[in-house]
Amino acid sequence: MADITLRKLFLAFLRLGATAYGGPAMMAYLRQECVGKRQWLTEHEFKEGMALCHTIPGATMMQMTTYIAYRLRALPGAAVAAVGFVLPAFLLMTGLSAAYFTFGDLPLVRALFQGLAAIVVAIILNACVSLTRTAVHGWPGLLLVALAFTALALRVNLLLVLLGAALLALVLFRGDPTPAPAGKGAGR
Numbered sequence: 000m001a002d003i004t005l006r007k008l009f010l011a012f013l014r015l016g017a018t019a020y021g022g023p024a025m026m027a028y029l030r031q032e033c034v035g036k037r038q039w040l041t042e043h044e045f046k047e048g049m050a051l052c053h054t055i056p057g058a059t060m061m062q063m064t065t066y067i068a069y070r071l072r073a074l075p076g077a078a079v080a081a082v083g084f085v086l087p088a089f090l091l092m093t094g095l096s097a098a099y100f101t102f103g104d105l106p107l108v109r110a111l112f113q114g115l116a117a118i119v120v121a122i123i124l125n126a127c128v129s130l131t132r133t134a135v136h137g138w139p140g141l142l143l144v145a146l147a148f149t150a151l152a153l154r155v156n157l158l159l160v161l162l163g164a165a166l167l168a169l170v171l172f173r174g175d176p177t178p179a180p181a182g183k184g185a186g187r
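The opening residue of the sequence shown carries number 0 in numbering that gives the first Met the number 0; numbering runs sequentially from there.
(1) Can you give, in chain order, each stretch of the beta strand (DSSP E) that sits fully within the stretch 9-58 and has at least 3 residues?
(2) Could you compute how far the alpha carbon of Arg109 sits from the alpha carbon of Leu86?
(3) Phe100 to Thr18, Cα distance in whole Å?
(4) Among the residues of its own chain, which have a CB less than 6 Å from the CB of Leu153, if the five just before and after it don't count?
(5) Taking 8 Å as the limit between beta carbons, can you name the residues of its chain near Val160, skipping five residues before and five after?
(6) Decide if Glu44 is buried, meaning its Cβ has at least 16 other Cβ atoms within 10 Å, or exposed.
(7) For a quick check, are the C-beta atoms of Thr131 and Val144 less than 8 Å apart?
(8) Taking only beta-carbon positions, decide if Thr149 is within less than 8 Å of chain C.
(9) Any idea what DSSP makes of Leu153, helix, strand or coil?
(10) How many whole angstroms separate the CB atoms of Leu29 and Met63, which I take to be in contact at a CB cut-off of 8 Å?
(11) For Leu10 and Gly83, I'd like the C-alpha separation in whole angstroms.
(12) Candidates Leu157, Pro139, Asn156, Val155: which alpha carbon is nearest Val170's?
(13) Give me the Cα-Cα distance between Gly210 and Phe172, rounded to the nearest whole angstrom.
(14) Report the option in Leu95, Ile123, Arg14, His53 whose CA atom is closest to the CA atom of Leu111.
(15) Give the secondary structure of Phe112 by DSSP, where H, G and I count as helix, E and B as strand, and everything else as coil.
(16) Using the three-state DSSP reduction, which class does Phe172 fall into: helix, strand or coil?
(17) In chain order, what residues of the same chain lie with their CB nearer than 7 Å to the CB of Val135, ignoring the 5 residues before and after it?
(18) Please name the residue in Leu71, Phe102, Gly35 whose C-alpha comes closest to that of Asp2.
(19) What did DSSP end up calling Val135 once you bin it into helix, strand or coil?
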């Protein structure tokens, strides 16, 4: 991965940060960009990183950005990618906040925000469908998704859901003969 300069990482994640919207919906876009288009990671490496990032508190996309860039260029890569990824959102939120505090009471502005909320829901649902197609295979995976979704809808503590899903996955996937693909990453 020597051809991936810090400048390339910064610009790639600056572009991602500027063009990918919708919180969790950005995960599919990130996967498409880093696995499909640029081939910086394998599908397996991306899924491993996603699983790791979902188990720790914080913004998953920021964690995935840091994870991917760290695998490619260690700590300096993670730092420049994180700055590049967050910079567009920071600048946009600063500008929108100023505009909202100035014009937020206007009916047109309120209507605009209600419409944007509906679009965000559609983007998130689209990302969920896309990730399900690539990450969930067979009835055991679908069962695990359904049980976890149900538990979360019933407001079961997230840590308990994660623990329960991990234990159930050990049972459901123990006999799976499919080996995990070998990874590639920084420093190897």
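In this text, a Cβ means the ideal position worked out from N, Cα and C, and glycines have one as well.
Let me lay it out:
(1) none
(2) Translated into the one-based positions of the sequence shown, residue 109 becomes position 110. Translated into the one-based positions of the sequence shown, residue 86 becomes position 87. Cα to Cα, the separation comes out at about 26 Å.
(3) As a position in the sequence shown, residue 100 is number 101, starting the count at 1. As a position in the sequence shown, residue 18 is number 19, starting the count at 1. Those two C-alpha atoms are separated by around 25 Å.
(4) Position 154 of the sequence shown, counted from the start, is the residue given in the question as residue 153. Nothing listed; no residue qualifies.
(5) As a first step, residue 160 is located in the sequence shown; it is residue number 161 there, counting from the start. Result list for Val160: Ala147, Ala150, Leu151, in chain order.
(6) By 1-based counting over the sequence shown, the position of residue 44 is 45. That one is buried.
(7) Start at 1 with the first residue of the sequence shown, and residue 131 comes out as number 132. Start at 1 with the first residue of the sequence shown, and residue 144 comes out as number 145. Cβ atoms of Thr131 and Val144: closer than 8 Å.
(8) The question asks about chain C, but that chain is absent: this structure has only one protein chain.
(9) The residue given as residue 153 occupies position 154 in the sequence shown. Three-state result, Leu153: coil.
(10) Counting from one through the sequence shown, the residue named residue 29 turns up at place 30. Counting from one through the sequence shown, the residue named residue 63 turns up at place 64. With 8 Å as the limit, Leu29 and Met63 qualify as a contact, their Cβ atoms being about 6 Å apart.
(11) Stepping through the sequence shown from its first residue, residue 10 is reached at position 11. Stepping through the sequence shown from its first residue, residue 83 is reached at position 84. The straight-line gap from Cα to Cα measures roughly 7 Å.
(12) Numbered from its first residue, the sequence shown carries residue 170 at position 171. Answer by Cα proximity: Pro139.
(13) Residue 210 lies beyond the range of the chain shown here (0 to 187); nothing can be said about it.
(14) The sequence position of residue 111 within the sequence shown is 112, counting from 1. Closest option to Leu111, Cα to Cα, is Leu95.
(15) Walking along the sequence shown from the start, residue 112 turns up at place 113. In this structure, Phe112 counts as helix in the three-state DSSP scheme.
(16) In the sequence shown, counting from the first residue as 1, residue 172 sits at position 173. Phe172: coil per DSSP, three-state reduction.
(17) Indexing the sequence shown from 1 puts residue 135 at position 136. Around Val135: Leu141, Val144.
(18) In the sequence shown, counting from the first residue as 1, residue 2 sits at position 3. Out of Leu71, Phe102, Gly35, Leu71 has the C-alpha closest to the C-alpha of Asp2.
(19) What you label residue 135 is simply residue 136 of the sequence shown in a count that begins at 1. If DSSP states are grouped into helix, strand and coil, Val135 belongs with coil.
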